[in-house]
Ligand code: TYD
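And the structure:
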């Protein structure tokens with residue numbers, strides 16, 4: 103692993119309110135994030151925590167406008183243009199929702215995609231480079247990392263199969279070539295290795311219940 107990348111980890115911090123937890127979910131299309139997020143949300147609520155579940159891009163009125171601008175873009179965007187739009191949405195989500203929510207002890211934020219999506223999609227698949235994406239996150243409030251990230255790992259072939267079954271119209275990223283998706287899968291694995299103390303890589307090609315069980319078993323280490 104590149105030493106320069108490893109040293110950049112020191113630019114980041116975790117939320118500091120004792121008893122609060124910041125979780126994110128990552129993975130390519132069809133990896134089952136939404137299903138697993140619902141299970142985790144229920145588990146945490148049953149334990150008596152305050153929970154908010156948010157998604158990126160979006161989660162605020164301004165962020166939802168940016169989401170439309172990116173995912174419905176007809177023009178191919180420069181990956182740096184994409185990156186700045188995702189970061190603008192993220193900064194606003196942190197300011198409006200995530201940081202205020204975490205201030206109260208006993209609060210849990212569950213986020214569907216976060217910095218690792220930008221590292222994988224723009225950094226690796228879009229070829230901006232991980233270093234550029236990390237550098238762009240070095241200032242407040244973007245330098246905040248989750249306590250735990252669940253990376254649902256599936257191969258590109260299974261992602262295509264699941265998308266075919268769903269039959270929805272393809273958005274901007276789903277319409278990219280196969281090479282983009284294969285780079286995405288490799289990129290995510292590399293990022294999971296770089297941040298291995300934070301990211302738990304889970305084989306999500308298995309039955310949903312087994313994946314949920316792995317996540318909940320790990321979560322018990324954070325939530326007594
Ligand atoms: P979404 O419909 O939310 O995808 P999914 O259901 O798979 O999570 O669309 C978000 C898309 O934006 C998805 O293709 C990933 C992409 N994305 C990036 O490229 N960079 C980012 O930083 C983020 C947050 C998302």
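Residue numbers (this note's numbering): 103 to 326. Built from N, CA and C at the ideal position, the CB exists for glycine as well.
From the DSSP secondary-structure annotation, give me the bridge partner or partners of residue 304.
254
So residue 233 and residue 106 are supposed to be a Cβ contact under 8 Å. How far apart are they, rounded?
Contact flag correct, Cβ pair sits at about 7 Å.
Going straight from the alpha carbon of residue 270 to that of residue 257, what length do you get?
20 Å
Under the assumption that residue 293 contacts residue 222 (Cβ atoms under 8 Å), give the Cβ distance between them as a whole number of angstroms.
6 Å
Between the stretch 135 to 148 and the stretch 304 to 317, can you find at least three pairs of beta-carbon atoms closer than 8 Å?
The stretch 304 to 317 and the stretch 135 to 148 touch, with no fewer than 3 CB-CB distances between them shorter than 8 Å.
Residue 253: CB within 6 Å of a non-hydrogen atom of ligand 1
no
Since residue 346 is in the alpha helix (DSSP H), which residue starts that stretch and which ends it?
Here the chain covers residues 103 to 326 and nothing more, so residue 346 does not appear.
Tell me, please, whether the stretch 180 to 191 touches the stretch 246 to 264 by the rule of three or more beta-carbon pairs shorter than 8 Å.
no
Indicate the three-state DSSP secondary structure (helix, strand or coil) for residue 293 in the structure shown.
helix
Could you check how far apart the C-beta atoms of residue 240 and residue 108 are, in whole angstroms? I think they sit under 8 Å.
Their Cβ separation, rounded to whole angstroms, is 15 Å, which puts residue 240 and residue 108 out of contact at 8 Å.
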